[in-house]
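Taken in sequence, the protein lines are chains F and D. The opening position of the first sequence corresponds to residue 1 in the UniProt record's numbering, with each subsequent residue numbered one higher. The opening position of the second sequence corresponds to residue 1 in the UniProt record's numbering, with each subsequent residue numbered one higher.
Number of protein chains: 2
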Amino acid sequence: MTVWDRPEPPTRPVPLDRERIVAAAIALADEGGLEAVSLRKVAARLDAGPMRLYGYISTKEELFDLMVDEVYAEILPEERPGDWREVLRIRAHRTRQATLRHEWLADLLGGRPTLGPNALAVTEATLAALDGLADLDTVMRAVETVGAYFTGAIRHEIADLRAERATGLSERDWQRASGPHLRRMLATGRFPALAKAVHDGTEVDAEVSFATGLDWVLDAVAAKLARPPA
Amino acid sequence: MTVWDRPEPPTRPVPLDRERIVAAAIALADEGGLEAVSLRKVAARLDAGPMRLYGYISTKEELFDLMVDEVYAEILPEERPGDWREVLRIRAHRTRQATLRHEWLADLLGGRPTLGPNALAVTEATLAALDGLADLDTVMRAVETVGAYFTGAIRHEIADLRAERATGLSERDWQRASGPHLRRMLATGRFPALAKAVHDGTEVDAEVSFATGLDWVLDAVAAKLARPPA
DNA sequence: TAATAGTAAAATACAGTGTATCGACATGAG
DNA sequence: CTCATGTCGATACACTGTATTTTACTATTA
Numbered sequence: 001m002t003v004w005d006r007p008e009p010p011t012r013p014v015p016l017d018r019e020r021i022v023a024a025a026i027a028l029a030d031e032g033g034l035e036a037v038s039l040r041k042v043a044a045r046l047d048a049g050p051m052r053l054y055g056y057i058s059t060k061e062e063l064f065d066l067m068v069d070e071v072y073a074e075i076l077p078e079e080r081p082g083d084w085r086e087v088l089r090i091r092a093h094r095t096r097q098a099t100l101r102h103e104w105l106a107d108l109l110g111g112r113p114t115l116g117p118n119a120l121a122v123t124e125a126t127l128a129a130l131d132g133l134a135d136l137d138t139v140m141r142a143v144e145t146v147g148a149y150f151t152g153a154i155r156h157e158i159a160d161l162r163a164e165r166a167t168g169l170s171e172r173d174w175q176r177a178s179g180p181h182l183r184r185m186l187a188t189g190r191f192p193a194l195a196k197a198v199h200d201g202t203e204v205d206a207e208v209s210f211a212t213g214l215d216w217v218l219d220a221v222a223a224k225l226a227r228p229p230a
Numbered sequence: 001m002t003v004w005d006r007p008e009p010p011t012r013p014v015p016l017d018r019e020r021i022v023a024a025a026i027a028l029a030d031e032g033g034l035e036a037v038s039l040r041k042v043a044a045r046l047d048a049g050p051m052r053l054y055g056y057i058s059t060k061e062e063l064f065d066l067m068v069d070e071v072y073a074e075i076l077p078e079e080r081p082g083d084w085r086e087v088l089r090i091r092a093h094r095t096r097q098a099t100l101r102h103e104w105l106a107d108l109l110g111g112r113p114t115l116g117p118n119a120l121a122v123t124e125a126t127l128a129a130l131d132g133l134a135d136l137d138t139v140m141r142a143v144e145t146v147g148a149y150f151t152g153a154i155r156h157e158i159a160d161l162r163a164e165r166a167t168g169l170s171e172r173d174w175q176r177a178s179g180p181h182l183r184r185m186l187a188t189g190r191f192p193a194l195a196k197a198v199h200d201g202t203e204v205d206a207e208v209s210f211a212t213g214l215d216w217v218l219d220a221v222a223a224k225l226a227r228p229p230a
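This is the structure in structure tokens:
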């Protein structure tokens, strides 16, 4: 028996903590999507048995919440620019960029109230930027409306992106050329307006269309903030 | 051996079809949420073995798609009113109402492109109502922006509703009184604007806030549709 | 009519999941 | 040294989606 076949001394269990667990889970999700995150695999990455995690997390849902809040740390901008409009715009874009980095976030966004420290910090920064510009109800409506928009837009964008990837074609080409089901549907003549849209539509950059819609919504908010109380 | 203990003749297998399968799945989801939908349970409702379903659907994801499209049939309005704004507003509200009837829809909304016949019909009706009001790009941007808004808003509303239900408290009371985590967070003084919002905010009806945000977005769209090309 | 081919359903099987429970073991207290 | 405590790992359970094999029956052909 040499050094080589002598078994390793039983490795003292590396002390675990939420941070390491969440980091491992995020790494897994980044690589293989949310469905690739299983407690067993997360634990394996940390050289631990699955049950060890339950000392730090009480359920898988909670792990997801922690993952989301961790990404909110990337969303929180380091310095706050002055203008409320810029604050909202930047928040939207940073959320979008974070979701492009962590596509699985699209599956979780808006799915449950976000109450982690980082999410709260983001909300705080947003509210602070709008504070005093109108009565509280209006401000809340503004924040929620913009939030609803970019949440939905990001989800749609990721959904389209995945569909493209699945077929290996750009969305426009896919609708036009392939997609036999849709082809057949459009060929029935039951959807003339849609057919025209698919046929005549020009492909627009996802970021541009996101930004444009966002600007529209921000315009609307600006109009409402203009006249302070009701 | 009497009539009574003579075994039932082996029940001829009820012929299955997608409709019955989808209906069973929707019933299960309505009762216990999306996670209550398993192929085994769906099959059991139809007195069939799990594998029988694979003659009609090729994967569980596909079943979800079919469920979503089935609900789009409820969303498609029976008659079309004239005004584009009314069309968009009604679509948003009908989507919201359908989601309140089928809460699981919130988990699927915007998650993947909707290409079923009913979804296409809804899109067709929407596009038809906006046709000619501006160049195609602008019209598409309008439809997508409004869609992003109400998708996100509905998801948020359902998320809040579930959180309330889980704690048995109204959201406002829950934030203020219970929710020890949030209490502690607010007590740290790190989130003054948020604390003020939670403290001073008046509870607003979900439908009202949905409708208000929607109107804002529609105002924005109206402004862009006003000047036709760029 | 008997045998056989083809098909639709059922049963079984597999690899995985989240999580409860329980036994072993290392550590600290008396 | 003995005993209590509490943590870790293994095991176990009830499920999941789906592939594969077995069975049962229907229809066809000889």
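Cβ atoms here follow ideal geometry from the backbone N, Cα and C, with glycine treated the same way.
{"Query": "Distance between residue 87(D) and residue 139(D) (C-alpha atoms, nearest Å)", "Result": "13 angstroms"}
{"Query": "Cβ-Cβ distance between residue 22(D) and residue 217(F) below 8 angstroms", "Result": "no"}
{"Query": "Residues of the UniProt domain \"HTH tetR-type\" (15-75) of chain D with Cβ closer than 7 angstroms to any Cβ of chain F, in chain order", "Result": "none"}
{"Query": "Status (buried if at least 16 other CB within 10 Å, exposed otherwise) for residue 151(D)", "Result": "buried"}
{"Query": "Cβ contact (3+ pairs, closer than 8 angstroms) linking the segment 185-198 of chain D and the segment 121-137 of chain F", "Result": "yes"}
{"Query": "C-beta atoms of residue 52(F) and residue 75(F) nearer than 8 angstroms", "Result": "no"}
{"Query": "Residues near residue 101(D) by beta carbon distance below 7 angstroms, same chain, minus five either side", "Result": "none"}
{"Query": "Chain D contacts made by the segment 188-199 of chain F, where a contact means CB separation under 7 angstroms", "Result": "191, 193, 194, 197"}
{"Query": "Distance between residue 142(F) and residue 54(D) (C-alpha atoms, nearest Å)", "Result": "47 angstroms"}
{"Query": "The segment 77-92 of chain D in contact with the segment 37-49 of chain D per 3-pair CB rule at 8 angstroms", "Result": "no"}
{"Query": "Chain-ordered chain D contacts of residue 144(F) [CB-CB under 8 angstroms]", "Result": "153, 156, 209, 213"}
{"Query": "Cutoff 7 angstroms; reference residue 30(D); Cβ partners in own chain excluding five residues on either side", "Result": "102"}
{"Query": "Contacting residues, own chain, Cβ-Cβ under 7 angstroms from residue 42(F) (five flanking each side not counted)", "Result": "21, 24, 25, 28, 53"}
{"Query": "Contacts that residue 85(F) makes with chain D (C-beta to C-beta distance below 9 angstroms)", "Result": "None at all; the shortest Cβ gap to chain D is about 13 angstroms."}
{"Query": "Start and end residues, alpha helix (DSSP H) containing residue 161(D)", "Result": "136-167"}
{"Query": "Segment contact, 8 angstroms Cβ cut-off, at least three pairs: the segment 205-214 of chain D with the segment 201-211 of chain F", "Result": "no"}
{"Query": "Beta carbon of residue 98(F) nearer than 8 angstroms to that of residue 68(F)", "Result": "no"}
{"Query": "Contacts that residue 163(D) makes with chain F (C-beta to C-beta distance below 8 angstroms)", "Result": "112, 113"}
{"Query": "Run of the alpha helix (DSSP H) containing residue 184(D), from where it starts to where it stops", "Result": "180-187"}
{"Query": "Residue 224(F), buried or exposed, once every other Cβ within 10 Å from all chains shown has been counted against 16", "Result": "buried"}
{"Query": "Residue range of the alpha helix (DSSP H) that includes residue 219(F)", "Result": "206-226"}
{"Query": "Beta carbon of residue 155(D) nearer than 8 angstroms to that of residue 201(F)", "Result": "no"}
{"Query": "Among 61(F), 15(F), 17(F), nearest to residue 37(F) - alpha-carbon criterion", "Result": "61(F)"}
{"Query": "Residue 55(D), DSSP secondary structure in three states", "Result": "helix"}
{"Query": "Cβ of residue 104(D) within 8 angstroms of any chain F Cβ", "Result": "no"}
{"Query": "Any chain D beta carbon closer than 8 angstroms to residue 181(F)", "Result": "yes"}
{"Query": "Bounding residues of the alpha helix (DSSP H) (the contiguous stretch that carries residue 104(F))", "Result": "First-last for residue 104(F): undefined, no H or E at that position."}
{"Query": "Listed by chain order, chain F residues near residue 204(D) by CB distance under 9 angstroms", "Result": "137, 140, 141"}
{"Query": "Interface flag, residue 122(D) vs chain F, CB-CB below 8 angstroms", "Result": "no"}
{"Query": "Any C-beta of chain D under 8 angstroms from that of residue 77(F)", "Result": "no"}
{"Query": "Option nearest residue 197(D) by Cα separation, candidates 114(F), 123(F), 105(F)", "Result": "123(F)"}
{"Query": "Closest residue to residue 144(F) among 164(F), 92(F), 116(F), 44(F) (Cα-Cα distance)", "Result": "92(F)"}
{"Query": "Sequence ranges, beta strand (DSSP E) only - wholly within the segment 76-103 of chain D, length at least 3", "Result": "none"}
{"Query": "Beta-carbon gap between residue 148(F) and residue 153(D) smaller than 8 angstroms", "Result": "yes"}
{"Query": "Nearest candidate by alpha-carbon position, reference residue 59(F), set 32(F), 44(F), 39(F)", "Result": "39(F)"}
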